[in-house]
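Student: Going down the list, the protein sequences come from chains C and G. Going by this note's numbering, the letters in the first sequence line up with residues 1 to 417, in that order. Going by this note's numbering, the letters in the second sequence line up with residues 1 to 364, in that order. We put the CB at the ideal spot given by N, CA and C, even for glycine.
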Amino acid sequence: MISFEMPKPLVQTRNVVETVAKNMMRPVSREMDENEHEIPWAYIEFMHTATKALGSSSMAPDEEPKEKKKDPDKKKRPPINYQRLMIMVETLSWGDAGIYLCTPGGMLGAAAVSAAGTPEQKKRFLSRFTGKEPVFDAMAMTEPQAGSDTSAIRATAVLDEETNEWVLNGEKIFVTAGNKALVDSDGFIVVWASLDLDAGRAGIRSFVIEAGTPGCKVTKMEEKLGIRASDTVSIVLQDCRIPFENILGSPTIEKSTKGYKGAMQTFDATRPIVAASALGVARAALEFVEEKLSEEGLEIRYGIPRQKMTHLEREVIEMETQLRQAWLLTVKALWMADNKQSNALIASMSKVKAGKVATVITQKAVELMGPLGYSREFLLEKWFRDAKINDIFEGTGQINLLIVARNILGYRGSQLR
Amino acid sequence: MYSFTPTEEQQMLIDAVNRYAEGDVRPAAREAEESTQLPPELIEKGWELGVLQASIPEDYDGFGEYSALTGVLAAEGLAYGDLAITMGVMTPNLYVLPILLAGSEEQKKNFIPPVIEMEWKAYTAALIEPAFDFDPQALETTATKKGKDILLNGEKIYVPFAADAEGMIIYADLDGKTQGFIVPGDSAGLSVGERQETLGVHAYPLYSLKLEDVKIPAENQLNGPEGHGMEAILASWYIALAATAVGVAQAAYEYAIDYAKDREVFGVKVAQKQAIAFMLAEMGTDIEAVRLMTWEAAWMLDEKKDEAYKHAYLAYSGAVDMVMMVTDRAVQILGGHGYIREHPVELWMRNGRGFAAFTGLAMI
């Protein structure tokens, strides 16, 4: 039966996380923005200790919950882990999208391990998040000449049969939280590299590199338009040796790109999560506009004909309807992920829509608020800068549009480039 | 819990509606448009699907219960076939649903059964007035109390089937508030004007209507002299229009995909050009997004959520823009062929523009 009732546990999650957003993020939002590369340790420590109370904060929802005594009378509840993650990410990003990206306990790297790793690998790499100190992870995919076009990846992994180690060489850029994963904590990064450059995408695999591994070095921290609380780094791999067991997926190259496609499925879960972050920023901006209008005694008259609306009313209603549309696409994408339904199409739809909507809403909000929108006295101008990243990382709006188009047209990459 | 799966009963209804829309309605749509005539046998067949009857409780001779959600699922499927025929099938909704949603118990018992236990008959409603800033909540048509009677005066346009109407709900301003009145079709003082010609839905018979001291008993005010709120009726208009807009958009979108995958250009299919593929991707994304908004608003109405009315309006507002964008692009993707009446996309584009003006012409 069709229902849009938010599950009760998620309502609780939202309430708890909202408190965190209000009290631990918003008050330091401006300070963290103005002091790029400083780390919001207070938030990090708090989230690390609170994670257990809040449930999993990982982008890799626990697939095998701990053995519980089976009660045959108890009705089985539908899985909601991805939906919970969405609510958390949306609410944290409403607080501060940059600080949210500093959340310890498993993000994109963990998602990749969870999607493609063996049970042993999951245990080995994911267990560190529950230790005493906060730990971070990251995904290193982009290279100077390879962004969304992952077939252009030039980083290599060669097996040293004598020592049974992979030897990695190459350069990675735009690694979100890479410094926190490798330098500030005992974390790991998941690196994409080629087993055989002649094999194209069929030869690409992902590998786990743990913090402290010789030959893996952070070389640059980027200065950015927004999300400044989060570090974005370059990493150089120079004869970086890792154990054979650190490869995610099969070490042999098959003719098909099945392994590669498997790895890409990680994005079916992570794209709607990025969408959720965009939604949070957009909601913050829209609420700011509505508060200011309300303070001035301007109420939006829902239901009057468009011909009679003021421009402001028309804009606000447009923003509201667009935001809700993006929200619903995202909920459905993650509901499908929770229910193990194939969601590649709607996952990309939600990312396209949310990235665009967040960008447009924050831009519009700055415009509508005039001098208040442009002033650094308020956070609106920061949200405008923060929101834009959602239309870029985890696949630009255009790449996601391409994926949507291929899906609806039934085309392969070779048919629609 | 969230869920996006219809019930088995809803799915059966959707399947039946889809068979009718694709098998019967779509093939008849162009001829209906050009001849400006709705095929009576198709209207009757659509009526027999029982979408309205299934939303009326047994107490009033229906066989189900009111569900906005079931309504939008069915309406989307119908409009996928053709909008004018859908509006034709659903015209009695304009009479029955205001009584169900806002009428008194007595009115429901008296006025609903004669409509739904019979074959399709012209029961309709008169809301829209001839002004660019027409506002359903600030009507020019007046209702004046005179003893035990009410007198209605004013001018209405876009009244479906006014010439054959057995009965209609007429909306008028009573003491600054919009109220609905149950009016027999043969009431003195009602004068039906010429059939009106519009940009789209040519097959749907719309008339202007003059009201000169139309006298009805005071108890024919919806919910009696106590009167009624308009939110439930407005919300019903909004979600019905949003759902039918999704159906029209889905039709145009699928047609454009089929065309783009078939048509060659510079050695490849049109759909293989990013300029076209990206348009289609955005169309598909926005259709799904508005569909979800419409479902959510309908669900909120059924669950009596506080924000249901607002969400119904937002769904409608989003649908008005979405359907125009989608149908316009469908014409664009077909290029010159899109402009030719041999293809249906030009009809869908004209119909799509109507949703901004159709308030009161569809109910669920």
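Taking methionine 363 of chain G and alanine 240 of chain G to be in contact with their CB atoms under 8 Å, please state how far apart those CB atoms are, rounded to whole angstroms.
Tutor: Mapped onto the second sequence, residue 363 of chain G falls at position 363. Mapped onto the second sequence, residue 240 of chain G falls at position 240. A Cβ-Cβ separation of about 5 Å places methionine 363 of chain G in contact with alanine 240 of chain G under the 8 Å criterion.
Student: Measure the Cβ-Cβ separation of glutamine 398 of chain C and glutamine 272 of chain G and say whether it is below 7 Å.
Tutor: Counted from its first residue, the first sequence places residue 398 of chain C at position 398. Counted from its first residue, the second sequence places residue 272 of chain G at position 272. For glutamine 398 of chain C and glutamine 272 of chain G, no; Cβs fall outside 7 Å.
Student: Pull up the DSSP beta-bridge partners for arginine 195 of chain G, would you.
Tutor: Locating residue 195 of chain G in the second sequence gives position 195, where the first residue counts as 1. Beta bridge pairing from DSSP links arginine 195 of chain G with G:Tyr207.
Student: Identify each residue in the stretch 236-268 of chain C for which the Cβ-Cβ distance to at least one residue of chain G is less than 7 Å, and report them in chain order.
Tutor: none
Student: In angstroms with no decimal places, state the Cα-to-Cα distance between valine 357 of chain C and leucine 402 of chain C.
Tutor: Translated into the one-based positions of the first sequence, residue 357 of chain C becomes position 357. Translated into the one-based positions of the first sequence, residue 402 of chain C becomes position 402. C-alpha separation (whole angstroms): 18 Å.
Student: List the endpoints of the continuous beta strand (DSSP E) containing glutamate 171 of chain C.
Tutor: Residue mapping note: residue 171 of chain C aligns to position 171 of the first sequence, counting from 1. Here the beta strand (DSSP E) through glutamate 171 of chain C covers 165-176.
Student: For the beta strand (DSSP E) containing valine 25 of chain G, name the first residue and the last one.
Tutor: For the purposes of this step, residue 25 of chain G is taken as residue 25 along the second sequence, with counting starting at 1. No beta strand (DSSP E) holds valine 25 of chain G; DSSP gives it neither H nor E.
Student: Using the Cα positions of lysine 305 of chain G and proline 214 of chain C, report the straight-line distance between them to the nearest angstrom.
Tutor: The residue you call residue 305 of chain G lines up with position 305 of the second sequence. The residue you call residue 214 of chain C lines up with position 214 of the first sequence. Taking the Cα positions, lysine 305 of chain G is about 59 Å away from proline 214 of chain C.
Student: Of the choices C:Leu85, C:Arg77, C:Ala97, whose alpha-carbon is the least far from that of arginine 422 of chain C?
Tutor: Outside the modelled stretch of chain C, which goes from 1 to 417, sits residue 422 of chain C, for which no answer is possible.
Student: Please determine, among C:Pro79, C:Pro305, C:Ala193, C:Ile173, the residue with the shortest C-alpha to C-alpha distance to alanine 202 of chain C.
Tutor: On the first sequence, position 202 is the one that residue 202 of chain C refers to. Residue C:Ala193 is the option with its Cα nearest to alanine 202 of chain C.
Student: Below 8 Å, how does it come out for the stretch 47-60 of chain G and the stretch 87-98 of chain G: are there three or more Cβ pairs, yes or no?
Tutor: yes
Student: On the CB-based measure, 16 or more other CB atoms within 10 Å of its CB, does arginine 385 of chain C come out buried or exposed?
Tutor: By one-based count along the first sequence, residue 385 of chain C stands at place 385. So arginine 385 of chain C ends up on the buried side.
Student: Could you pull the start and end residues of the alpha helix (DSSP H) that proline 272 of chain C belongs to?
Tutor: The residue labelled residue 272 of chain C in the question sits at position 272 within the first sequence. Unbroken alpha helix (DSSP H) run through proline 272 of chain C: 266-295.
Student: Alpha helix (DSSP H) containing phenylalanine 63 of chain G: first to last residue?
Tutor: Position 63 of the second sequence, counted from the start, is the residue given in the question as residue 63 of chain G. Here phenylalanine 63 of chain G belongs to no alpha helix (DSSP H), and DSSP marks it neither H nor E.
Student: In the stretch 301-374 of chain C, which residue ranges form an unbroken alpha helix (DSSP H) of at least 4 residues, counting only runs that do not cross its ends?
Tutor: Taking only runs of at least 4 residues, the alpha helix (DSSP H) segments lying wholly in the stretch 301-374 of chain C are 311-338, 344-368, 370-374.
Student: Going by DSSP, what residue range makes up the alpha helix (DSSP H) through leucine 237 of chain C?
Tutor: If you number the first sequence from 1, residue 237 of chain C lands on position 237. That residue, leucine 237 of chain C, is in no alpha helix (DSSP H); its beta strand (DSSP E) goes 232-243.
Student: So leucine 237 of chain C and asparagine 169 of chain C are in contact, right, with Cβ under 8 Å, and what is the actual spacing, rounded?
Tutor: Position 237 of the first sequence, counting from 1, holds the residue named residue 237 of chain C. Position 169 of the first sequence, counting from 1, holds the residue named residue 169 of chain C. Yes, they are in contact, since the Cβ atoms of leucine 237 of chain C and asparagine 169 of chain C sit about 6 Å apart, within 8 Å.
Student: Beta carbons nearer than 9 Å to chain G: which residues of the stretch 74-100 of chain C have them?
Tutor: Arg77, Pro78, Ile80, Gln83
Student: Tryptophan 120 of chain G: buried (16+ other C-beta within 10 angstroms of its C-beta) or exposed?
Tutor: Along the second sequence, one-based indexing puts residue 120 of chain G at 120. Classification for tryptophan 120 of chain G: buried.
Student: Take alanine 289 of chain G and list the residues in its own chain whose beta-carbon comes closer than 8 Å to its own, dropping the five residues that flank it on each side.
Tutor: Counting from one through the second sequence, the residue named residue 289 of chain G turns up at place 289. So the qualifying residues of the chain are Gly318, Met322.
Student: Within the chosen definition, does the stretch 306-319 of chain C reach the stretch 245-260 of chain G through at least 3 CB pairs nearer than 8 Å?
Tutor: no
Student: If we cut at 7 Å on Cβ distances, does methionine 230 of chain G have a partner in chain C?
Tutor: The residue you call residue 230 of chain G lines up with position 230 of the second sequence. No, no contact with chain C.
Student: When you compare only the Cα positions, how much space is there between isoleucine 242 of chain C and methionine 1 of chain G?
Tutor: Position 242 of the first sequence, counting from 1, holds the residue named residue 242 of chain C. Position 1 of the second sequence, counting from 1, holds the residue named residue 1 of chain G. When rounded, the distance between both Cα atoms is 44 Å.
Student: Just to confirm, are alanine 162 of chain G and tyrosine 123 of chain G a CB contact at a threshold of 7 Å?
Tutor: Within the second sequence, residue 162 of chain G is the residue found at index 162, counting from 1. Within the second sequence, residue 123 of chain G is the residue found at index 123, counting from 1. With a cutoff of 7 Å on beta-carbon distance, alanine 162 of chain G and tyrosine 123 of chain G are scored as not near each other.
Student: Would the stretch 141-150 of chain C and the stretch 173-193 of chain C be scored as touching if the rule is three or more Cβ pairs under 8 Å?
Tutor: yes
Student: Can you name, in chain order, every residue of its own chain whose Cβ lies under 6 Å from the Cβ of leucine 94 of chain G, other than the five neighbours on each side?
Tutor: Working through the second sequence from its first residue, we reach residue 94 of chain G at position 94. The answer, listed in chain order, is Thr124, Ala125, Met363.
Student: From the beta carbon of glutamine 196 of chain G, is the nearest beta carbon of chain C less than 7 Å away?
Tutor: For the purposes of this step, residue 196 of chain G is identified with residue 196 of the second sequence, where counting begins at 1. Not an interface residue.
Student: Let me see if you follow: with CB-CB separation under 7 Å, is tryptophan 295 of chain G close to chain C or not?
Tutor: What you label residue 295 of chain G is simply residue 295 of the second sequence in a count that begins at 1. Chain C contact via Cβ: present.
Student: Only counting the same chain, and skipping five residues up and downstream in sequence, which positions put a Cβ closer than 6 Å to that of alanine 199 of chain C?
Tutor: Locating residue 199 of chain C in the first sequence gives position 199, counting from the first residue. Cβ within range, chain order: Ile253.
Student: Is the beta carbon of lysine 353 of chain C closer than 7 Å to that of threonine 285 of chain G?
Tutor: Looking up residue 285 of chain G in the second sequence gives position 285. Looking up residue 353 of chain C in the first sequence gives position 353. Yes.
Student: Please list, in chain order, the residues of the stretch 290-314 of chain G that have any C-beta partner in chain B closer than 8 Å.
Tutor: Absence of chain B from the displayed structure is noted, the protein chains being C and G.
Student: Look at the alpha carbon of tryptophan 47 of chain G and the alpha carbon of glutamate 41 of chain G, and state the distance between them as a whole number of angstroms.
Tutor: Indexing the second sequence from 1 puts residue 47 of chain G at position 47. Indexing the second sequence from 1 puts residue 41 of chain G at position 41. Their Cα atoms are separated by approximately 10 Å.
Student: Against chain G, which members of the stretch 289-315 of chain C pass a CB distance test of less than 8 Å?
Tutor: Tyr302, Gly303, Ile304, Pro305, Arg306, Gln307, Lys308
Student: Examine the Cβ distances between the stretch 100-115 of chain C and the stretch 171-191 of chain C and report whether three or more of them are shorter than 8 Å.
Tutor: yes
Student: Apply the 10 Å Cβ neighbour rule to isoleucine 340 of chain G and answer buried if 16 or more other Cβ atoms are within range, or exposed otherwise.
Tutor: Looking up residue 340 of chain G in the second sequence gives position 340. Classification for isoleucine 340 of chain G: exposed.
Student: Can you check whether the C-beta of tyrosine 2 of chain G is within less than 7 Å of a C-beta belonging to chain C?
Tutor: Against the second sequence, residue 2 of chain G aligns to sequence position 2. It does: the Cβ of tyrosine 2 of chain G has a partner Cβ on chain C nearer than 7 Å.
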